[in-house]
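Trainee: The structure that follows is given in the form of structure tokens.
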Amino acid sequence: MAEDQAGPVGPDLAHEISLSELPDGGKLVGHVGDEPVLLARRGADVFAIGAHCTHYSGPLADGLIVDATVRCPWHHACFDLRTGEALHAPALSPVDSWAVEQRGGKIFVREKRAQTRAQRRAKPGAPDKVVIIGGGGAGFAAAEMLRRRQYQGKIVMLSSDDAPPVDRPNLSKDYLAGNAPEDWVPLRAESFYSDNAIDLRLGATVAGVDVGAREIALDGGDRIPFERLLLATGAEPVRPSIPGAMPSDVLVLRSLSDSRAIIERAKTARRAVVLGASFIGLEVAASLRARNIEVHVAAPEERPMERILGPEMGAFVRALHEEHGVVFHLGNTASAVEGGKVKLSGGGVIEADFIVAGTGVRPRVELAERAGLRVNRGVVVDAYLETSAPGIFAAGDITRWPDSHSGEAIRVEHWVVAERQGQIAALNMIGEREKFSAVPFFWSQHYDVPINYVGHAETFDELAVEGDIAGKDCLVRFRRSGRTLAVASIFRDVQSLEAELSFERGAAG
């Protein structure tokens, strides 16, 4: 929270602060009136912005200053210290900023500045119409960035979902656990779309893309022309085929309606079986435990998430969930469902009031394939996120891009990556030539323990552990051939940010 019961925190920044109290690179939290303000110094410049990230209210004072920006310690959002603009997702809204006066070796925070759109505008010659296929993080971030850059053309967003774009990470975390109300879930109020002239069409099914005619065909026969197109179709959950199970017996989690369905079943349930020890599967398990549901997890691996996090971190994750009452059945898959019981491949049987599958997702690349775009384990794009067809871009879970940090073409299914790709694709659709160079990042929440992961290591041959994994204070480096490719951390937020910066500068060791 920005304030405690005793009132505003820190000094009143409207009164004088000695410049000597704020060294170069230093940060100080105070207040102006009742509003918490972060004061930061870079060289001779002093900046004053809102003290809390607009994503999940992370404390920016605990973050990292890089040039004239500050990065949030929780989920690596980035803000411009000069203007408060949210430069990098997952934050999409700016923080407030205040005018700062320096006089006689003193600092005075003056009036709050009016929030304005980003100073950079769409270049002359921008297309008259942009169509976005997909209503997830990438599609929304693209539409928001287009309007933020004062793009004046038409924007049509076609979403197969029945709800406007939502904060998908919350669906398996606080919302599912019952700790966040549903009005926290939408990325923006419904009025945002009409206020910004974004033609959002929900429940829209796209039948095909005609690359030559520059048209999109909808089910029902309607056709929509485009000048620039963004494919942001995302991924769909893998629904395991289990003998004896009806489709309604096995729930998945991807959309708001999926999360609602799990919540509804949990209201009257005593026991649930989660299939898969993936991040989504175990976040669902933690959320159901918060609702006092008995949870059993069946998964084929020996340790949860060992392939991604390594054996030590995998063992910690298992122990953490077991401390909260989760029962694991590892080395098992569901072989049948019969009479409210799940039969396991190892011979065990678990009674279950409902089942949730967290067995992975597959990218929705069918539209791209039918359109003749280059597809290779994802939609192949260049460094600017443009596909093999000029004027057609891709972002999010479907996208395989040339990652400058690993030197490989990669595809990842991370929310923050999807949003950042949507933002860069938006800029390039209106005439910029900006390479996508963000370092992949994701976070996962298990009870009160966050795991941050920065970089990308599909395989690794060495783990270097700093600190104590079991003590929930660690940083793990994933290396291949002596080179660090990724870093996972628990409660080492600044080091996680420093690792991200090191990857960006090509200096990770």
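Sequential numbering of the sequence shown, starting at -15, is according to our numbering.
Ideal placement from N, C-alpha and C gives every residue a C-beta, glycine not left out.
#1: For residue 397, which residues from the same chain have a beta carbon less than 7 Å from its beta carbon, with the 5 sequence-adjacent residues on both sides left out?
#2: Taking only runs of the beta strand (DSSP E) that begin and end inside the segment 415 to 474, which ones reach a length of at least 3 residues, in chain order?
#3: Please classify residue 443: is it buried, with 16 or more other beta-carbons within 10 angstroms of its beta-carbon, or exposed?
#4: With distance defined between alpha-carbon atoms, name the residue in 308, 304, 335, 310 nearest to residue 575.
#5: Ignore the nearest five residues each way along the sequence and tell me which others in residue 96's own chain have a CB closer than 7 Å to its CB.
#6: Excluding the 5 residues flanking residue 149 on each side, which residues of the same chain have their C-beta closer than 6 Å to its C-beta?
#7: My output table needs one value for residue 141: the three-state DSSP class, helix, strand or coil.
#8: Using a Cβ-Cβ cutoff of less than 8 Å, which residues in the same chain neighbour residue 313 once the five nearest sequence positions on both sides are dropped?
#9: For residue 82, which of helix, strand or coil comes out of DSSP?
#10: Give the single residue among 214, 315, 160 whose Cα lies nearest to the Cα of residue 241.
#11: Just to check my reading of the structure: residue 20 and residue 35 have Cβ atoms closer than 8 Å, yes? What is that Cβ distance to the nearest angstrom?
#12: By the three-class DSSP mapping on this structure, what secondary structure does residue 133 have?
#13: On the DSSP bridge assignment, give the partners of residue 63 in chain order.
#14: May I have the straight-line CA-CA distance separating residue 484 from residue 28, to the nearest angstrom?
#15: State yes or no: is the C-beta of residue 190 within less than 7 Å of the C-beta of residue 117?
#16: Kindly examine the ligand NAD and report whether one of its heavy atoms sits closer than 6 Å to the Cβ of residue 460.
#17: In the DSSP output, what is residue 343 paired with across the bridge?
#18: What distance in whole Å lies between the Cβ atoms of residue 477 and residue 46, which are believed to be in contact at a cut-off of 8 Å?
#19: Could you pull out every residue in the same chain whose Cβ sits closer than 8 Å to the Cβ of residue 445, ignoring the five residues on either side in sequence?
#20: Measure the Cβ-Cβ separation of residue 320 and residue 215 and say whether it is below 7 Å.
#21: Using a Cβ-Cβ cut-off of 6 Å (strictly less than) and excluding sequence neighbours within five positions of residue 192, which residues of its own chain qualify?
#22: Inspect the beta-carbon positions of residue 173 and residue 404 and report whether they are closer than 7 Å.
#23: Would you be able to state if there are at least three C-beta pairs under 8 Å between the segment 139 to 153 and the segment 248 to 255?
#24: Is the distance from the Cβ of residue 213 to the Cβ of residue 376 below 7 Å?
#25: Determine the closest residue to residue 139 out of 162, 112, 156, 146, with distance taken between C-alpha atoms.
Mentor: In short, the structure shows the following:
#1: 219, 345, 381
#2: 425 to 430, 433 to 439, 446 to 452, 457 to 464, 467 to 474
#3: exposed
#4: In the structure as shown, the chain begins at -15 and stops at 493. Residue 575 is therefore absent and cannot be evaluated.
#5: 80, 82
#6: 119, 124, 171
#7: strand
#8: 280, 281, 282, 283, 328, 330, 332, 334
#9: strand
#10: 160
#11: 4 Å
#12: coil
#13: 54, 70
#14: 26 Å
#15: yes
#16: The ligand NAD is absent from the structure shown, which contains no ligands of any kind.
#17: Looking at the DSSP assignment, residue 343 forms no beta bridge with any residue, so it has no partner.
#18: 7 Å
#19: 463, 464, 465
#20: no
#21: 201, 354
#22: no
#23: no
#24: yes
#25: 112
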